[in-house]
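Undergrad: Heads up: take any position in the sequence shown, counting from 1, add 195, and you land on my numbering. Here a beta-carbon is modelled for each residue, glycine too, at the ideal position from N, C-alpha and C.
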Amino acid sequence: MSSQKSTKISYSAMHANVLDPATMSSLEISNLINANTNAVTVANRANQAAQRGDYQTAVTLHREALALKLKSFPETSIQASMSYNGIGEALLRLGDISGAEEAFLKALYVRDDKIHGGLGEGPRLDAAVMRENLAQVREAQGRFADAKELRLRGQSKGQICCANHKCPNQLFLLSGLKFSVLFRILLFCRMPGTEKQDWRRHRGPCNGEKERRQAAEIQEKEQKEENEDQIAPETEENAT
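(1) Do you know whose CA, among 233, 335, 382 and 303, lies nearest residue 321's CA?
(2) Cβ atoms of residue 275 and residue 266: under 8 Å apart, would you say?
(3) Just how far apart, CA to CA, sit residue 366 and residue 233?
(4) Closest to residue 478 by C-alpha separation, out of 270, 254 and 342, would be which residue?
(5) Can you list, in chain order, the residues of its chain with a C-beta nearer than 7 Å to that of residue 342? Leave out the 5 residues immediately preceding and following it.
(6) Give the secondary structure of residue 268 by DSSP, where H, G and I count as helix, E and B as strand, and everything else as coil.
(7) Can you find the residues in the same chain that come closer than 6 Å, C-beta to C-beta, to residue 423, ignoring five residues on each side of it along the sequence?
(8) Give the secondary structure of residue 309 by DSSP, where H, G and I count as helix, E and B as strand, and everything else as coil.
(9) With respect to 7 Å, is the separation between the Cβ of residue 220 and the closest non-hydrogen atom of the ligand MG below this value?
(10) Tell me where the beta strand (DSSP E) around residue 329 begins and ends.
(11) Quick one: what's residue 355 bridged to in DSSP?
(12) Could you tell me which residues DSSP puts in a beta bridge with residue 384?
(13) Alpha carbon to alpha carbon, what distance is there between residue 237 and residue 314?
(14) In this structure, does DSSP put residue 220 in helix, strand or coil?
(15) Within 10 angstroms of the Cβ of residue 417, are there 16 or more other Cβ atoms? Answer buried if so, exposed if not.
(16) Helix, strand or coil for residue 346, going by three-state DSSP, please let me know.
(17) Pull up the distance between the alpha-carbon of residue 306 and that of residue 319, whole angstroms please.
(18) In angstroms with no decimal places, state the Cα-to-Cα distance between residue 246 and residue 310.
(19) Which residues mark the beginning and the end of the alpha helix (DSSP H) in which residue 284 is found?
(20) Would you kindly work out how many angstroms separate the C-alpha atoms of residue 296 and residue 426, rounded to a whole number?
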């Protein structure tokens, strides 16, 4: 789920230069401006590649854009978090769960609320989107309770987004969303068909969790029956 619905990234997002221009030569300043401008251009190309389903190219381009950004911004900047989020989204689509997790953790650290250990930077919608992205990684890992916790972090402030990445980017109150039918872990807006549209993505983890729970129930039942069989029945002689 991208926190940028448009394929373009605003140049105004590149404003927070962490270097001091007073200590730089005119050539260094010119190179810095060019690097930032090139980062925007490359990031646009990465978003376009992702939209047409070319996720491997998207990863490569997002990493290229990140390298350009890191010439003037730290890893903990909003600018870097945008690239980390893009990298994570593309890797998740490619099935690289551990790579996506690493990228999303870096992105979310910048955005998430301070009460949850983040820096609280940028729009709260971006924080909600990145929580949802990491929650989808947790689902793929079978960590359903952690996925639900991530999604509900924003409930007190009405800062939750729909799990369907094709829905319009906006924040919702918990009352404006509905839990998924299976396990009540995913949250969807009330637009018709949102959960059904997302089924292709989440059916694998959900079906896997369903099978795991069924197996656990069977094992628990068998263990209970085995324990009952080991208890010797009370005979009439023992009763006296």
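TA: Looking at the atomic coordinates:
(1) 303
(2) no
(3) 31 Å
(4) Residue 478 is absent from the model: the chain starts at 196 and stops at 435.
(5) Hits under 7 Å: 330, 333, 334 and 380.
(6) coil
(7) none
(8) DSSP places residue 309 in helix when its eight states are reduced to three.
(9) In the structure shown, the ligand MG is absent, as is every other ligand, since no ligand is present at all.
(10) Counted as a single uninterrupted DSSP element, the stretch harbouring residue 329 is not any beta strand (DSSP E) but the alpha helix (DSSP H) occupying residues 319-335.
(11) 367
(12) 372
(13) 26 Å
(14) In this structure, residue 220 counts as coil in the three-state DSSP scheme.
(15) exposed
(16) helix
(17) If I take the Cα positions, the gap works out to 8 Å.
(18) 34 Å
(19) 273-288
(20) 48 Å
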